[in-house]
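Anchor point for the sequence shown: position 404 equals 404 in the numbering used here, and the numbering is continuous, going up by one each time.
The beta carbon of each residue, even a glycine, is placed where N, CA and C say it ideally should be.
Just so you know, these numbers come straight off a predicted model, no measurement behind them.
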Amino acid sequence: MDIVQPNGTSDVLKPANGSALCSGSAPALPAVTTNMLPLATLLQNFAEYAFSEISYLVATLPNLQQPDSIKKKKLLELFVRLRKDLVKLYVLVKWSARARDFQRLIQLMSFMRTEQGNLFNSVWGMKSIVPGLASAKLPNPDLMTALEVFINGRPQLPSHNLIRQSALSAKTILKTFRNLNVLLAIKLALADDLPPRFRNYQIRDGRVTFTVDREFVASVSIADDETQDETISPFFLIDFRFLFGFPDDRYVLDDALVTPLPAPSHVKLESLANAVLHRSGLPGLYTILHHYATTYKLYLVHKQLANMRQSGVWKGHLQHTYNIDQSTIVVTYWAARAALRSFLEIGLNRKFELSFRWSKDGEYVSTHSLTEGLTDTDFGLNIEQTLTEITNKHAELALRGIYQQMSAQLAVRDGPALIRMLSPGKLHYQLTHTQHTVVSIDSITGNVFLVNPTPLMVSFVTRINKDAAAVAKVAYNLIVMRLEILTLKISSVLSAVGWIRNDVVKVSSGSEDWAKLQFSASSALNVQFFRRREWPQGWFLICGVNGYSSNLHWRVAQLRAALGAWQIQWLAKINLLAETDVLCEPKNYKSYFDYETLAELAVVAANKITSHLVLEELKAQGCRLMSLRTPTLAADPAVHNLLRADKSESVIVIDKDSLTAVPGCYSTLFLKIKLAGRFLCLSLYGKLRARINLKIDGPLAIKFEPETGVFEIQTQVETLSMGSAASGTLLAETLGKLTTLLNLISILNVLQQSRVEILLTDLDSIRFRYDSEEATLCGLVGAGIRLELAPNNPHNLVAVQLDSILATHGIPTLIKALGGTLPLVKALREISTANQEALRDAASGEFLLPKIRFSLFTRELNHFQLQYAAYLAESSAAVMDPHDIHSGTATLRALEVIDLTVRLRRGYRGRTYLFVTSPAPFLREFWSFKTNPFQEGDEPMDVHPLETGVACAVSCASRVLGVLNREILARGGVP
1 MDIVQPNGTS DVLKPANGSA LCSGSAPALP AVTTNMLPLA TLLQNFAEYA
51 FSEISYLVAT LPNLQQPDSI KKKKLLELFV RLRKDLVKLY VLVKWSARAR
101 DFQRLIQLMS FMRTEQGNLF NSVWGMKSIV PGLASAKLPN PDLMTALEVF
151 INGRPQLPSH NLIRQSALSA KTILKTFRNL NVLLAIKLAL ADDLPPRFRN
201 YQIRDGRVTF TVDREFVASV SIADDETQDE TISPFFLIDF RFLFGFPDDR
251 YVLDDALVTP LPAPSHVKLE SLANAVLHRS GLPGLYTILH HYATTYKLYL
301 VHKQLANMRQ SGVWKGHLQH TYNIDQSTIV VTYWAARAAL RSFLEIGLNR
351 KFELSFRWSK DGEYVSTHSL TEGLTDTDFG LNIEQTLTEI TNKHAELALR
401 GIYQQMSAQL AVRDGPALIR MLSPGKLHYQ LTHTQHTVVS IDSITGNVFL
451 VNPTPLMVSF VTRINKDAAA VAKVAYNLIV MRLEILTLKI SSVLSAVGWI
501 RNDVVKVSSG SEDWAKLQFS ASSALNVQFF RRREWPQGWF LICGVNGYSS
551 NLHWRVAQLR AALGAWQIQW LAKINLLAET DVLCEPKNYK SYFDYETLAE
601 LAVVAANKIT SHLVLEELKA QGCRLMSLRT PTLAADPAVH NLLRADKSES
651 VIVIDKDSLT AVPGCYSTLF LKIKLAGRFL CLSLYGKLRA RINLKIDGPL
701 AIKFEPETGV FEIQTQVETL SMGSAASGTL LAETLGKLTT LLNLISILNV
751 LQQSRVEILL TDLDSIRFRY DSEEATLCGL VGAGIRLELA PNNPHNLVAV
801 QLDSILATHG IPTLIKALGG TLPLVKALRE ISTANQEALR DAASGEFLLP
851 KIRFSLFTRE LNHFQLQYAA YLAESSAAVM DPHDIHSGTA TLRALEVIDL
901 TVRLRRGYRG RTYLFVTSPA PFLREFWSFK TNPFQEGDEP MDVHPLETGV
951 ACAVSCASRV LGVLNREILA RGGVP
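Now the structure itself:
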């Protein structure tokens, strides 16, 4: 200790052996220069820094494109900053005047710390000598020592290896070992309290070695074989070691992993074991070593668990509690999972052996295939391996529970196809027909994970792991995950093949419209609405995806928005497994969806829509529908080949009699429907009962096979107008063509029955020949039918009357009229033509007047009037120019008018006769003929005189009228 004098000097109290103190001089203080800087160096550095800053600013300020005020401000800022640093340096320089005192204090503190360390080292050195002094102390006087002194002249004191002793011979050593071996064998053979696990021993080198598997090895020898006290054991413990270890803290001993005790603990346990062996013998030794080994194992397990929690794969997923008093360790695995605790309770059983109890999700598991002891092999005591077995078993049981839960919820026929166990820890899960995954549970974290997950699957894994302990929730989330993936897959595939998804349409669950969909009650059900661009407004394809089944529920429906909700107007199911509609031939589809099937789905849905629209229109018109398998006409090969409907077509069977009563056609009609792009193609098939040589020409799409009698009517309707079209517009053209065709066939039947020759036929006209004349029925399609005659047809005389008959009485009456009046009109045409030629020739010659003018008047079809008028020209000229007569420039005066009335009347027995009458006086001799003036040749003529005329058969019209015409013309001077 230093004593400070008033003058600043100090005297040092010197120790007894201190040379420095004895000499009267103090030791030199150590020089301390760490973290110190000379003041001169500091001032020099600041001066250089200030010069550099000022020089740089002076050099750069002139070149700056800034106002002078800014430059001055920068210079002022530099001076202010340097001034602050100079103030600090000024304070430092003032303080440095007393720096020497501060430096001495620093050196003195360093010296004091060094001396304090030397003092502590001396104290600990003296303390370490104390244990060695106990052995150097002389023993207390006793009788044995006195005897030794009396006999030997000196006591037997320890020599501390200072007195060299004679070495024992090898023979003496071997003899001693042999005697000890024999003695130990006898002792053990006579011992009746030898523990059962001590029966595995080996006697060698004067000691017996007991080996307790997986616990310890203890070497015991005999301490005193002459003791008479039976309560004292003659054995003493030479050495022992444990036969187990901790893999992360070990050394190799006899090719086994062993974790040794610390040296103080080993010595203390050895001393305690000898005391117990001395009192309780070998059973006591086994008990203490066995209990200590088991407790030490538990401690090593705790140590290993602590290391596992701090690093490695178990970090953050493992918790454990070590209760020393109760000798138990509670290991909670999957600690990060939010669920009921699952833990492993490690402790000592009734046999004081290490064992465990397993609590899975809050319940103790009494039946499992795991061993009750911990893993303890030649490779060390490994709690991690035991824990891995437990977690693997837990993961397998949880995965098995998920599999059983999903198998119970999935459809019976879909379960094996969707899920199956690949191994105890792997569950194969079929998501779609092309995508699957493998579900497993991580034995470290307890979380569910999927093999090769997509981003959507990753989001569901996060949701699943929130309730990973609840098997029912995990199974449900997996089913919902498959539902979402399947929904997304269907949406993408349908979009790829031309479908348009509509997210606006929604049908409220629980409503009446939802009940119409007839979807099975399920908590995992997604409903999507799709449509195609060419579909009419308001029509949708509804796809119901059920997570519990591999079947897809398809519906095609007509929806209408009303009062903020969507209402179903019409609905039809679509079964892709076997689409068999009453209107369509059977179609077979794959049991699962793919691109081809979903592309064909558009065809099936379109058939449903078009079939419904067509059916509604047919029903509105009162048509009766028939089954495709009922009529025998479908078995006709000619019809069957035409009715081969592909996947894009539907066939409707119609009762023809409910549409039209036109005969000549079978009562069964087949309507084939096909949606092609933006157009609805309709093909109507039928078959005629009788063969008709019908050749249809024209722009209308109607085909007819004369050999088979099968006809086909083709029409197209634009689909964009289907939804908003008025009732009856889809089939208007088809039924109109059918009516036209059947009317045409009816007309042809009438014409054929009337034995006329059909020359040319199309849907709008029929050209035919009766006798030698030709006529055409036009306007079959349109406002009204009319008759067109050739220019040289004699019936042109009565064309107006024939049109009236056609419009009033129809074609059969017209055909009869044409045939019945043909001889008469021919005769009238011949007379008219002959008269015109004769009068023209007479007028061209130089004949004197009077002249004849002929006129033919048609009153009715069976009533004609022939008028002959003789005229004189009122002129002074004796001879008239024929040109003046015909041109009308000459004035004529009628001298005489002769009328012939020609009528067709039904006479005797219903026969038709031609009645020719005239009041002309000069014809009376013809009416009262005694000899027939109309007779020509030997063939008799059916002519009968009347009072003012004659009656004859129609076939005689040409002869009778010809004779009368010549007679009248001759009277007027026309040859």
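Should residue i go down as buried or exposed, given a rule of 16 or more other Cβ atoms within 10 Å for buried?
i	result
R113	exposed
M109	exposed
R689	exposed
V93	exposed
R769	exposed
T715	buried
P38	exposed
V950	buried
E649	buried
L964	buried
Q558	buried
H320	buried
M1036	Residue 1036 lies beyond the range of the chain shown here (1 to 975); nothing can be said about it.
V267	exposed
L552	buried
A957	buried
H809	exposed
L969	buried
D2	In this prediction, D2 has a pLDDT of 36, which is less than 50 and means its spatial position is unreliable; nothing more can be read from the coordinates.
M976	There is simply no residue 976 to check, as the chain begins at 1 and stops at 975 in what is shown.
H291	exposed
First and last residue of the beta strand (DSSP E) that includes residue i?
i	result
K674	668-676
G125	No beta strand (DSSP E) contains G125, which is instead part of the alpha helix (DSSP H) from 99-135.
R560	552-562
E649	649-655
K360	354-360
W927	Looking at the DSSP string, W927 is not in any beta strand (DSSP E); the run it does join, the alpha helix (DSSP H), is 924-927.
Q435	First-last for Q435: undefined, no H or E at that position.
T912	912-917
Taking residue i and residue j to be in contact with their CB atoms under 8 Å, please state how far apart those CB atoms are, rounded to whole angstroms.
i	j	result
L797	L759	The Cβ separation is near 22 Å, so there is no contact.
V507	V527	7 Å
F198	F216	Wrong, their Cβ atoms sit about 11 Å apart, outside the cutoff.
L29	Q107	4 Å
L684	T734	5 Å
A817	G784	No, A817 and G784 are not in contact; Cβ-Cβ is about 18 Å, not under 8 Å.
Output yes or no for whether 8 Å exceeds the beta carbon distance between residue i and residue j.
i	j	result
R903	N862	yes
A468	R337	yes
G547	L483	yes
V556	I574	yes
I383	Q304	yes
E773	R678	no
R786	D803	yes
P283	P196	no
V448	V474	yes
I444	W554	no
S765	L751	no
With respect to the alpha helix (DSSP H) encompassing residue i, which residues constitute its N-terminal and C-terminal limits?
i	result
N548	The displayed chain sequence assigns Tyr, not Asn, to residue 548. Here Y548 belongs to no alpha helix (DSSP H), and DSSP marks it neither H nor E.
R501	Counting along the chain, R501 falls outside any alpha helix (DSSP H), though it belongs to the beta strand (DSSP E) covering 500-502.
S492	471-496
D68	68-95
H291	263-310
K466	455-466
V365	That residue, V365, is in no alpha helix (DSSP H); it is neither H nor E in DSSP.
M406	383-409
Any Cβ of chain D within less than 8 Å of the Cβ of residue i?
i	result
F704	Judged by its chain identifiers, the structure shown contains no chain D, having just a single protein chain.
Complete runs of the alpha helix (DSSP H) confined to the segment 705-777 [at least 4 residues]: 732-753
List in chain order: all unbroken alpha helix (DSSP H) runs of 4+ residues lying wholly within the segment 163-230. 170-190
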